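Undergrad:
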Amino acid sequence: PISNVSTMEKKPLPKSTLLDPESTSPSDSNVGAPDNSNTTSSNLSIAEKTTSISNVSMTGKAPLSNLSLSDTESTFTSDSKVGSPDNPLTIVIQLSGEMGNHLDKIANGYYLKWILEEECNITARTMLRPQLDNKGSISYKAPYGRESLKLCFPNMRHLDFKEGFSLEFKDREKEQGEWLGPETHNILHQRNEDEIKIDLRIETLKNVLSTKTLTHPVLPPNATISLPYILVNKLDASDPKDRYNERLRELFRFNLTNPLCCQERAINDEVAVHIRSFLPEMPRRGMKKGYEELSPNQTVNALLQNYGRGDKVAVLGRFEEFVQPYVDRMKESGLDVRQLTNLTGEQAFGFLLTTELEIFGIAKS
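Throughout, this note's numbering is defined as the position within the sequence shown, counted from one, plus 7.
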């Protein structure tokens, strides 16, 4: 099914924007200061510091302008109830993929945080954990999403994208599994392939926090991850985030004035069509159910059936050779086509944000 595009995949970033080398083994320490880099890629080369994650404190009904985007580092003690202001619950956000996936995962984590704080009176903090490869090292993909967010999303620059890559996280994962048992642990520590209803996760968490017969493990005095904790991969698609739409818009405020983020803007009466191009990127997966894309003929005859000769259409996609047949077919039908396959992922995302008429594309990916 075709629906509005929510994210935009990206071409490989120029090497000049990937100046922060990845470590190859986890660290059990978090020392440093927040990243205060600005929008230029040269300033983004400053090595990321590894302080405890800062996140949006958005309890109550305060106006967005009064909301703080920084928290202090948290430590946990056995005599302080998890979920209290001095012992916040840790929400570990498991990142993966590139910019679009990062936005989705971070939105899911903050969405859960706001629900817990406002509807359940459970104080929480977020922690980002980078995507790992099969050897347990940070994936080669991790810098792409991280640098995109730091470059174009001002409220993302202070975040520590590696905080959850630590020996402490592995310790908490093992301890929580042994403490709560596999069934409860797997609801709180979400596997990538699982889609767990958010109500079930919240109810399970509340049961763990309120069960007095559970003997709470004693954590070291310098612990920064709570027990229990929640790991977020994704939230069930049936739960829209509309109630926090304005907060998410502020959290993901985009820098439209930086040409590295927005080089082209949509014309007022221009329709945008995003061709995802699964097949050239992932030949085997692209053949599976759920990765189908409309053919050029179907795109013109069905998707764009309400548009005719002279109507303006901008076509975006990351693989020019895959996009070209769509452009040719649209031109044959008389549409006034502008091909934008030379944009980076950030620039294409910026273009879509300026589109005022319609955006067509696959909702997936």
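Yeah, the Cβ is synthetic: ideal placement off N, Cα and C, and Gly gets one too.
Computed from a predicted structure; not experimentally measured.
#1: Based on Cα-Cα distance, which residue from Asn-141, Ala-131, Lys-148 and Lys-142 lies nearest to Leu-102?
#2: Between which two residues does the beta strand (DSSP E) carrying Gln-312 extend?
#3: Roughly how many angstroms separate the alpha carbons of Ser-372 and His-109, rounded to a whole number?
#4: Quick test of the definition: if touching needs 3 or more C-beta pairs under 8 Å, does the segment 153-163 touch the segment 212-226?
#5: What do you get for Glu-126, buried or exposed, if any count of 16 or more other CB atoms within 10 angstroms of its CB means buried?
#6: Please name the residue in Tyr-333, Gly-357 and Leu-234 whose C-alpha comes closest to that of Gln-346.
#7: Using CA coordinates, which residue listed in Ser-146, Lys-248 and Tyr-236 is at the minimum distance from Lys-181?
#8: Locate the alpha helix (DSSP H) running through Lys-213, then write down its first and last residues.
#9: Going straight from the alpha carbon of Ile-232 to that of Lys-169, what length do you get?
#10: In three-state DSSP terms, what is His-192?
#11: Name the DSSP bridge partner or partners of Asn-94?
#12: For Gln-346, report the span of its alpha helix (DSSP H) as first-last.
#13: According to DSSP, what are the bridge partners of Val-320?
#14: Name the residue from Leu-187, Leu-263, Tyr-251 and Asp-111 whose alpha carbon lies nearest to the alpha carbon of Leu-234.
#15: Only counting the same chain, and skipping five residues up and downstream in sequence, which positions put a Cβ closer than 7 Å to that of Ser-81?
#16: Looking only at DSSP bridge pairs, what is Gln-101 linked to?
#17: First and last residue of the beta strand (DSSP E) that includes Tyr-236?
#18: State whether the segment 339-357 contacts the segment 260-272, with contact taken as three or more CB pairs (one from each stretch) at a distance under 8 Å.
#19: Considering only the beta carbon of each residue, do Glu-327 and Ile-369 sit closer than 8 Å?
#20: For Asp-140, which residues of its own chain have a beta-carbon under 6 Å away from its beta-carbon, when the five flanking residues on both sides are left out?
#21: DSSP state of Ile-369, grouped into three classes?
#22: From Val-322, Arg-336 and Thr-348, pick the residue whose C-alpha is nearest to that of Phe-367; which is it?
#23: According to the neighbour-count rule (16 or more other Cβ atoms, all chains shown, within 10 Å of its Cβ), is Arg-325 buried or exposed?
#24: How long is the line joining the alpha carbons of Pro-28 and Asp-167, rounded to whole angstroms?
#25: Of the residues Val-320, Thr-362, Glu-365 and Phe-358, which one's Cα is nearest the Cα of Asp-343?
#26: For the alpha helix (DSSP H) containing Asp-178, list its first residue and its last residue.
#27: So, at 6 Å on beta carbons, what are the nonlocal neighbours of Phe-329 in its own chain, with the 5 sequence-adjacent residues on each side left out?
#28: From the DSSP secondary-structure annotation, give me the bridge partner or partners of Ile-232.
#29: Taking C-beta to C-beta, are Glu-105 and Ser-144 nearer than 8 Å?
#30: For Glu-353, does the three-state DSSP call read helix, strand or coil?
#31: Alpha carbons only, please: which of Glu-185, Ile-100, Arg-291 and Met-337 is nearest the one belonging to Leu-310?
#32: Less than 8 Å between the CB atoms is what I'm expecting for Gly-116 and Phe-261, so what's the real figure, rounded?
#33: Keeping to the same chain, check which residues put their C-beta closer than 6 Å to that of Ala-114; ignore five residues upstream and five downstream.
#34: Out of Gln-331, Ile-129 and Lys-88, state which residue places its alpha-carbon closest to the alpha-carbon of Glu-210.
#35: DSSP three-state call for Ile-145: helix, strand or coil?
#36: Could you pull the start and end residues of the alpha helix (DSSP H) that Phe-285 belongs to?
TA: The structure says:
#1: The residue with the shortest Cα to Cα distance from Leu-102 is Lys-148.
#2: Premise fails: Gln-312 is in no beta strand (DSSP E) and is neither H nor E.
#3: 11 Å
#4: Proximity of the segment 153-163 to the segment 212-226 falls short of the contact definition, fewer than three beta-carbon pairs being nearer than 8 Å.
#5: exposed
#6: Among Tyr-333, Gly-357 and Leu-234, the Cα nearest to that of Gln-346 belongs to Tyr-333.
#7: Tyr-236
#8: 205-217
#9: 14 Å
#10: helix
#11: Ser-91
#12: Element bounds for Gln-346: not the alpha helix (DSSP H) but the beta strand (DSSP E), 343-347.
#13: Under DSSP, Val-320 takes part in a beta bridge, and its partners are Val-278 and Val-344.
#14: It is Leu-187.
#15: Only weak support exists for where Ser-81 lies, its pLDDT of 44 falling under 50; the value from the coordinates is given anyway. Within the same chain, Ser-81 has close Cβ partners Ser-59, Pro-95, Arg-132 and Thr-231.
#16: Arg-136
#17: 236-239
#18: yes
#19: no
#20: For Asp-140, same chain residues with a beta-carbon under 6 Å away, outside a window of 5 residues either side, are Ser-146 in chain order.
#21: It is a strand residue.
#22: Val-322
#23: buried
#24: Summary for Pro-28: the model assigns pLDDT 35, below 50, so the residue's position carries little reliability, and this model does not support an answer.
#25: Selected option, being the one with the closest Cα: Val-320.
#26: Unbroken alpha helix (DSSP H) run through Asp-178: 174-187.
#27: Around Phe-329: Ser-284 and Pro-287.
#28: Paired residues: none, contrary to the question.
#29: no
#30: In this structure, Glu-353 counts as helix in the three-state DSSP scheme.
#31: Met-337
#32: Between Gly-116 and Phe-261, the beta carbon gap of about 19 Å keeps them out of contact (Cβ cut-off 8 Å).
#33: Leu-255
#34: Among Gln-331, Ile-129 and Lys-88, the Cα nearest to that of Glu-210 is on Ile-129.
#35: strand
#36: Element bounds for Phe-285: 285-288.
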